[in-house]
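Data block below; observations after.
Numbering (the working numbering), first residue to last: 660 to 1299.
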C-alpha cells in the first residue's frame, strides 16, 4: 500500500526525524507511539499527502484511498448532523447536483427535436448510470444506519453540529470515514474526547476493518485491543516490531538487555585487544601482531544499544491557602441547552480535601457541571463556593485558550503574577521547554506539548481546588504517569472528569456517575464503583454486559443474606489474590534483575556489602507472599 524510504523532516534547520523507512500493507494495524513532539502527527500528515518531507520518498499504490482523522476537528458551522455526514459522499452529491440541473433544464425546455435537448437526454442517461454505480440510491440509508449505530437518535439528525460535544462530533467524523470505505485509515488520537461507548465501537470497527490502519494513541488498552504492530519514533529513530503495545514493550526491553550484554562482552574484548597492542607495540618481534590487532579493531562493528528517551516533566501542584471545610455547595442546580435538559435538580456538597471523579457518557453533563463550578456557565439553582476557595481549572480544550502566535515564554509571562514571573523559566524547564524551545510559537507545538504548556501555565496562579476535565488528552504515556503522581501528592481538593480507568485508579475516593440529568454518588474509589456496577471496567458498563447471574431464589430471607455475604467474601478474596499476584510478579522481576546483575558483573556486585542483604530480603518477602497466596487460594476454593 505505502512504501516509506529514508524519510526526513526538518524545521528551521533542525531534524525532527531522519532515515525513517517502513512499509504498510493490507491488514496492518499499526500503533504509532513516541513522546510528545517526536513527530507522530507529522508522519501521519506526510502519509496522507497533506505535508511533504524535506527528503526521502513516499510511494503510494495507484488509486489508494486514504482517510485521515486529525487530532483537532475543524467543523464548519451551519450544518446539521445529517448534512455533515453526507459530506462523505462528495462525488455522489456532485452527480446528484448535476442530475438536478439536467432535470430542471429538461422540464423548462420545449425544443424536443433540437440537438441540445437530445444532448440533455444523453447526459441524463449517463449521469443516472453513474449515480447508480457509485451507490447514489443507497447512501442516505447507509448514512442513517451508521449514525444510529453510533448512538445518534433520529431526532438528532436535523440538529446543528455545534449543539454537540466534542466526543459526539468526533463520532460524526468517524461515521464519514466508515462510509467512505477507505483502503488506509490514519487516526490521530481518535480516543480523545470519546466516551467509553464510542471507544468500544471504534475498537470493534477497527478489528473488522479490511484495510490498513495507522493510529496514534496513548491509551494502552485501546492499543492492545486494536493493533498487531507497533512503530515507535524515539530520538529521531524508528523501531518497528510486529507486536501490540504491551508485547512490544517487553520485547523492546528484552532486545535492549541483549544489546547491553553483547556490548559489555565486546567492550571486554576490545579492552583485552588494546592491552595486547600496548604490550606488543614496543617489541619488534610482536609488531606485526600488534598491527593485526589494530586492523581487527578498526574493522569491528561496534554494538550500539537502542537509546531511550527518559526525559519526563517535573510536576507538583502546591496548595495556595487553606479553604473552609465546605468548598462548594450545590442545591437544586439545573442546566439546559435549549430543550436538552443536561442537569436536573442536582444537590451536591464538595468538602475540603475530597478527591472525586465524574464519570459517564459524553453529553451527560460532566463538563457542564465542571464549568458551572468554576463560574463559566449560567445555571438555575444555587452554586456557592466556600471561604477562601481558589479554583484552578484545566479545560478539556485547554490548548485552544492559547494564542498560537505567541511564543512559549510570552504565553507564560502573560499569565504570571508579580510573584511568579521570576520563576517562569524554571517552570518551563521542569515541563521540558528548555533553551531555544521557549522561543517557539505555540502554533508549531504538538497537541501534547500544548497540553504540557497549559499545565505549566496553571502553576502561575494560586489555587487550592483543582478541577480537571480530561487532562490526559494528548499526553504521552510517561507524562500521564507524572501527572498522576503529582495529583496523588496534591493536598487540596480534586475534581477529575475522565474516562481513563488506569489514570483514575488510586486518585479519587468517591465517584459521581452522570446519567439522564441526575448524579449518583459512589462513596469509594474507581474500583469500588466498578465492583458496585458488577463490571471489571468502564467498557463492560457501557457495553451493558449483564451482571453475574443471581443465585436461585432462597427459601428464606436468612439464606438470601448468606448468599449475599458469600458473594461479597468471594469478591474480597479475589481482589486480595489479584493484589498479591501483582506484588509477587513485581518481586520476581526484581529478583530476576538481581540474578542478571550477579551473572553479568559478579566482581562489582559482590563488592557491594548490602547487595546480598537486599537479595535475601526480597527472597524472604517472596516466600511469605507465596504462602499468603496459597492460603487465600485454598480459602477461595473451599468457598467455591
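Even for Gly, the Cβ is constructed at its ideal location relative to N, Cα and C.
- Here residue 948 carries a helix assignment [DSSP, helix/strand/coil].
- The DSSP assignment places complete beta strand (DSSP E) segments of no fewer than 3 residues inside the region 686-765 at 688-692, 714-719, 725-728, in order along the chain.
- DSSP lists 673 as the bridge partner or partners of residue 670.
- Residue burial is scored here from C-beta neighbours: residue 1272 has fewer than 16 other C-beta atoms within 10 angstroms and is therefore classed as exposed.
- Relative to residue 748, the option among 795, 1292, 981, 1015 whose CA is nearest is 795.
- No Cβ-Cβ contact shorter than 8 Å links residue 1119 with residue 1089.
- If one requires a minimum length of 4 residues, the alpha helix (DSSP H) runs lying completely within the region 1149-1184 are 1160-1163, in chain order.
- Taking the CA atoms as reference points, residue 1183 sits about 11 Å from residue 1013.
- Sequence-distant partners of residue 882 (beyond 5 residues in either direction) whose C-beta falls short of 6 Å from its own C-beta, in its chain, are 690, 876, 904.
- Residues of the same chain with a CB within less than 7 Å of the CB of residue 847, apart from the 5 flanking positions on each side, are 700, 703, 728, 729, 730, 875 in chain order.
- Per the C-alpha coordinates, the member of 849, 1056, 809, 1105 positioned closest to residue 1026 is 1056.
- Residue 1016 sits in a strand when the DSSP states are folded into three classes.
- Setting aside the 5 residues that flank it on each side, residue 932 is surrounded in the same chain by 952, 955, 956, each with a C-beta closer than 8 Å to its C-beta; the list follows chain order.
- Nearest in C-alpha terms to residue 974, of all of 1235, 1112, 914, is 1112.
- Around the beta carbon of residue 996, a 10 Å sphere encloses fewer than 16 other beta carbons of the protein chains shown; the residue is thus reported as exposed.
- Distance from the CA atom of residue 1070 to the CA atom of residue 1099, rounded to whole angstroms, is 11 Å.
- At the C-beta level, residue 987 and residue 1001 stay beyond 8 Å of one another.
- Rounded to whole angstroms, residue 819 and residue 737 show a C-alpha spacing of 7 Å.
- One alpha carbon belongs to residue 928, the other to residue 939, and they sit about 16 Å apart.
- If you look at residue 897, you'll find it in the beta strand (DSSP E) that goes 896-900.
- When DSSP states are grouped into helix, strand and coil, residue 1131 belongs to the coil group.
- Counting only the Cα atoms, residue 857 lies some 17 Å from residue 1024.
- Per DSSP, the unbroken alpha helix (DSSP H) holding residue 1110 starts and ends at 1106-1117.
- Considering only 1239, 1274, 1242, the residue with the shortest C-alpha distance to residue 1256 is 1274.
- In this structure, the beta-carbon distance from residue 661 to residue 865 does not fall below 8 Å.
- DSSP, read as helix, strand or coil, puts residue 798 in helix.
- Between the alpha carbons of residue 725 and residue 711 lies a gap of roughly 16 Å.
- Cβ atoms of residue 1109 and residue 1044 stay farther apart than 8 Å, at about 29 Å.
- Under the three-state reduction of DSSP, residue 681 is assigned to strand.
- The DSSP-derived three-state label of residue 664 is strand.
- The C-beta separation of residue 915 from residue 900 comes to about 12 Å, leaving the pair out of contact by the 8 Å criterion.
- Across the set 836, 1157, 1175, the C-alpha of 1175 shows the shortest separation from the C-alpha of residue 994.
- As the crow flies, the alpha-carbon of residue 936 is around 22 Å from that of residue 921.
- One alpha carbon belongs to residue 787, the other to residue 859, and they sit about 39 Å apart.
- Burial state of residue 1035 is exposed, judged by a 10 Å Cβ sphere holding fewer than 16 other Cβ atoms.
- Taking a C-beta distance under 8 Å as the contact criterion, residue 792 and residue 761 do not qualify as a contact pair.
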